Amino acid sequence: MVQQRDVPRRLLEVATKLFADRGFESTSVQAIVQKAGVTKGAMYHYFSSKDDLLYEIYARVLRMQTEHLDQFAEADKPVAERVHAAAADVVETSIANLDDTVIFFRSMHQLNEQKRAEVRRERRRYHERFRQLVEEGQRSGDFRGDVPADLVVDYFFGAVHHLGTWYRKRGPLSGREIGQHFAGLLLNSLRPAGP
311 MVQQRDVPRR LLEVATKLFA DRGFESTSVQ AIVQKAGVTK GAMYHYFSSK DDLLYEIYAR
371 VLRMQTEHLD QFAEADKPVA ERVHAAAADV VETSIANLDD TVIFFRSMHQ LNEQKRAEVR
431 RERRRYHERF RQLVEEGQRS GDFRGDVPAD LVVDYFFGAV HHLGTWYRKR GPLSGREIGQ
491 HFAGLLLNSL RPAGP
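Numbering (this note's numbering), first residue to last: 311 to 505.
Next up, the structure:
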């Protein structure tokens, strides 16, 4: 029997697995609640629809990453250290939650327009906060200023969003190591040219 406080976590865990195995469209609410060991009423107490489950699978990862980014951005450290920490973190946490992210991006088009707009708004907030860090480094002279910060952010996150196509858990590098490499590559590309 699932404890009441564990119901949302259990539903998200089961939905993630079923969406990965069967696809979002082919997974019924009945299959989710049956596998989670809860009633439909219990599910609808926490989530108003299957769309809400899909949205929350990704939104919880994005919320966590945003909290981390805010902490890095506000730290009393040089801007290069803060950007490195933020870049490494988003890669490491994306890999740690790769199933959630891959499922979401594969099925996002099936969300209703309001939910899609919410996700786009939250992702934009994250990217804008990251861009502000890059711009801070450009203003201080720590980063090269000849490349627009928007382009830097699009380039970096294009690579991050591509992780799901090639990362393998049994590969030679851990998520942390890949995060450190990605962050190092980003910082190297931002370093001002020598005299």
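Built from N, CA and C at the ideal position, the CB exists for glycine as well. The structure displayed is predicted, hence computed values, not measured ones.
C-alpha distance - residue i paired with residue j, whole-angstrom precision
i	j	result
F329	Y365	12 Å
A341	T411	21 Å
V444	A503	16 Å
G333	S417	8 Å
L372	R433	7 Å
E335	Q420	8 Å
Y356	E423	21 Å
T349	D386	48 Å
A459	I413	29 Å
I367	H437	19 Å
L321	I405	21 Å
K327	T337	10 Å
G468	L483	20 Å
V457	M374	29 Å
D464	F415	17 Å
L408	K479	10 Å
Reduced DSSP category for residue i - H, G, I as helix; E, B as strand; rest coil
i	result
R439	helix
K479	coil
A385	coil
A346	helix
T376	helix
P458	coil
A503	coil
E335	coil
S404	helix
F466	helix
L421	coil
Cβ-Cβ separation, residue j to residue i (assumed contact under 8 Å), whole Å
i	j	result
G447	A390	6 Å
A369	V317	Not really, about 18 Å apart at Cβ, beyond 8 Å.
A493	H378	13 Å between Cβ atoms; not a contact.
V343	K360	With 8 Å as the limit, V343 and K360 do not qualify as a contact, their Cβ atoms being about 11 Å apart.
R392	R454	About 17 Å separates the two Cβ atoms, so there is no contact after all.
T376	R435	7 Å
Span of the alpha helix (DSSP H) around residue i
i	result
G451	Unbroken run through G451: none, as it is neither H nor E.
G489	G485 to L500
F329	V317 to R332
T411	L408 to S417
Report yes or no: do the stretch 437-455 and the stretch 382-392 share at least 3 C-beta pairs separated by less than 8 Å?
Counting Cβ pairs under 8 Å, three or more are found: they touch.
Inter-stretch contact at 8 Å, needing at least 3 Cβ pairs: the stretch 481-489 / the stretch 386-403
Flag = yes, the stretch 481-489 and the stretch 386-403 touch.
Between the stretch 471-481 and the stretch 420-434, are three or more C-beta pairs nearer than 8 Å?
The stretch 471-481 is not in contact with the stretch 420-434.
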